[in-house]
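For the sequence shown, the residue numbers in the UniProt record's numbering are 1 to 450.
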Amino acid sequence: MFEALGNKLQDILDRVGRESKLTDTQVKAAMREIRMALLEADVNFTVAKDFVARVSEKAVGQDVLGSLNAGQTIVKMVHDELIETLGGKAAQPTLKTEGNVWFMVGLQGAGKTTSTGKLAAHYKAKGRRVLLVAADTQRPAARDQLEVLAKQVGVPVLKVADGETPQQTRARLEAHLKEDFRDLVIVDTAGRLQIDAALMDQLADLQSELQPSETLLVVDAMTGQEALNVAQTFDARVHLSGLIITKMDGDARGGAALSARSVTGKPIYFSGTSEKLTGLEPFYPDRVAGRILGMGDMLGLIERAQQADLKAMEVKKPGDFDLEDLLVQLRQIRKMGPLGDLLKLIPGMSRALPEGFNVDEAQIQRIDAMISSMTLKERRNPKIIDGKRRKRIAAGSGHTVQDINRILKMHEQMKDMMKMLGRMSGPGGKGPGKGGLPPKMPPMPRNLKR
Numbered sequence: 001m002f003e004a005l006g007n008k009l010q011d012i013l014d015r016v017g018r019e020s021k022l023t024d025t026q027v028k029a030a031m032r033e034i035r036m037a038l039l040e041a042d043v044n045f046t047v048a049k050d051f052v053a054r055v056s057e058k059a060v061g062q063d064v065l066g067s068l069n070a071g072q073t074i075v076k077m078v079h080d081e082l083i084e085t086l087g088g089k090a091a092q093p094t095l096k097t098e099g100n101v102w103f104m105v106g107l108q109g110a111g112k113t114t115s116t117g118k119l120a121a122h123y124k125a126k127g128r129r130v131l132l133v134a135a136d137t138q139r140p141a142a143r144d145q146l147e148v149l150a151k152q153v154g155v156p157v158l159k160v161a162d163g164e165t166p167q168q169t170r171a172r173l174e175a176h177l178k179e180d181f182r183d184l185v186i187v188d189t190a191g192r193l194q195i196d197a198a199l200m201d202q203l204a205d206l207q208s209e210l211q212p213s214e215t216l217l218v219v220d221a222m223t224g225q226e227a228l229n230v231a232q233t234f235d236a237r238v239h240l241s242g243l244i245i246t247k248m249d250g251d252a253r254g255g256a257a258l259s260a261r262s263v264t265g266k267p268i269y270f271s272g273t274s275e276k277l278t279g280l281e282p283f284y285p286d287r288v289a290g291r292i293l294g295m296g297d298m299l300g301l302i303e304r305a306q307q308a309d310l311k312a313m314e315v316k317k318p319g320d321f322d323l324e325d326l327l328v329q330l331r332q333i334r335k336m337g338p339l340g341d342l343l344k345l346i347p348g349m350s351r352a353l354p355e356g357f358n359v360d361e362a363q364i365q366r367i368d369a370m371i372s373s374m375t376l377k378e379r380r381n382p383k384i385i386d387g388k389r390r391k392r393i394a395a396g397s398g399h400t401v402q403d404i405n406r407i408l409k410m411h412e413q414m415k416d417m418m419k420m421l422g423r424m425s426g427p428g429g430k431g432p433g434k435g436g437l438p439p440k441m442p443p444m445p446r447n448l449k450r
């Protein structure tokens, strides 16, 4: 979502990094381009104007700090202001030991019910006893959808009946909690295709009865500035405590997410990053700002590794890296999410990758299938894979013998590269800058470059 904006901002900041001092003319020219980049990304006009004004005020006539050049100074200023615009410090919903009732509101199609299921999965993993309440009294399909999600997560669900009053819902909820104690109740309320008085009246009545500790608005990032108008309308009637922005993995302009905190005054608690129940991440303004400016997000990468419960591979000599090790590593990395997304979390990688670069996830699955069709003995000792074995492996995985040959060649090249790196980093090894030459990457087989 932020890729186009990030590329433009990085290009602008790269160009101002050649001077030891920032002049008024240089700053004005750079800020004009930054303002245009923000507006093209659908950032609210007032937010973009104030953002540029604050950076300009700090930058005019400022000397280079320490060893930083002008470009790095501007980067730091823009980075700091981006963090403030996105909300400053990260915020999360307040959780007490018991009596937590969260109210989920939003328009139909924004991802409210799915986000409710994601929240249940997120907090169940943290040890909370979650109960979901399907409180849409007019759409049975919405209640059924939440019931399906609840089964997937492994939490109970309380479904309201058609036409049930808020008083009846509260009484049923209290009776349920007496029989089965739950310390977090998440209420999925009714959604509409557009805001209307009837919807707001229903929400206000149910909120008055249940007295939620948090009221979370789910907004669709792909709706642009209209999402902010929706947020303001909801806040005026049901007093929001925070936002969840969905579809952040889309390719729409990210202006709504950048403007949300400044326009509504409400913190962004979570962002939806996929349709999966695990596709919900706490919103960290500093990390999002880092991704936009190409600084990566190493903390996010580490957290993904922890959530995937990656196991450390047995330390071996570089020359002992076999196909079984390659298969284990591929599967562990895939647990962390799409490889293309992971690459962008590495600092500097988003700029290093060519424009339009895309990882072919299907190719990784094909490699998995080919290696899985080998016996353990073959994976441990690929040298025994002769022509007859290659035909069997190709037939078993649905590929050609040529594909098997390419995988075996790629594995040998990886082993050679690991041996080279091992010699350079080992005792007495000559690394780059110490008389040694940087390792040369072996060429990847032609149709694996995708």
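Ideal Cβ positions, reconstructed from N, Cα and C, are used throughout, including at glycine.
Rounded separation between residue i and residue j - CA only
i	j	result
residue 220	residue 392	49 Å
residue 202	residue 238	10 Å
residue 409	residue 227	51 Å
residue 125	residue 258	29 Å
residue 323	residue 378	8 Å
residue 78	residue 415	43 Å
residue 204	residue 234	10 Å
residue 290	residue 114	28 Å
residue 256	residue 229	10 Å
residue 177	residue 100	12 Å
residue 36	residue 281	29 Å
residue 5	residue 292	7 Å
residue 395	residue 138	54 Å
residue 276	residue 142	18 Å
residue 242	residue 266	5 Å
residue 273	residue 117	14 Å
residue 121	residue 58	43 Å
residue 186	residue 231	20 Å
residue 39	residue 45	7 Å
residue 405	residue 390	8 Å
residue 375	residue 387	15 Å
residue 399	residue 329	22 Å
residue 401	residue 419	27 Å
residue 488	residue 278	Nothing can be reported for residue 488, as the shown portion of the chain is limited to 1 through 450.
residue 380	residue 373	13 Å
residue 457	residue 321	Residue coverage of the chain in this structure runs from 1 to 450, which leaves residue 457 outside it and unanswerable.
Collapsed DSSP secondary structure at residue i in the structure displayed
i	result
residue 103	strand
residue 42	coil
residue 159	strand
residue 214	strand
residue 293	coil
residue 181	coil
residue 95	coil
residue 192	coil
residue 111	coil
residue 151	helix
residue 381	coil
residue 373	coil
residue 50	helix
residue 8	helix
residue 164	coil
residue 76	helix
residue 90	coil
residue 14	helix
residue 321	coil
residue 233	helix
residue 137	coil
residue 145	helix
residue 255	helix
residue 260	helix
residue 122	helix
residue 225	coil
residue 117	helix
Cross-strand partners of residue i (DSSP beta bridge)
i	result
residue 186	102 and 132
residue 220	246
residue 271	245 and 281
message: So, does the segment 239 to 249 touch the segment 25 to 37, judging by three or more C-beta pairs under 8 Å?
response: no
message: Could you check whether the segment 144 to 161 touches the segment 113 to 133, counting it as contact only if at least three pairs of C-beta atoms, one from each stretch, sit closer than 8 Å?
response: yes
message: Is it the case that the segment 149 to 157 contacts the segment 209 to 223, given that we only count it when at least three CB pairs across the two stretches are under 8 Å?
response: no
query: Below 8 Å, can you find three or more Cβ-Cβ pairs linking the segment 189 to 198 to the segment 101 to 110?
result: yes
- request: Determine contact between the segment 78 to 87 and the segment 43 to 57, defined as no fewer than three beta-carbon pairs at a distance below 8 Å.
  value: yes
message: Give the list of continuous beta strand (DSSP E) stretches no shorter than 3 residues that lie fully inside the segment 383 to 420.
response: none
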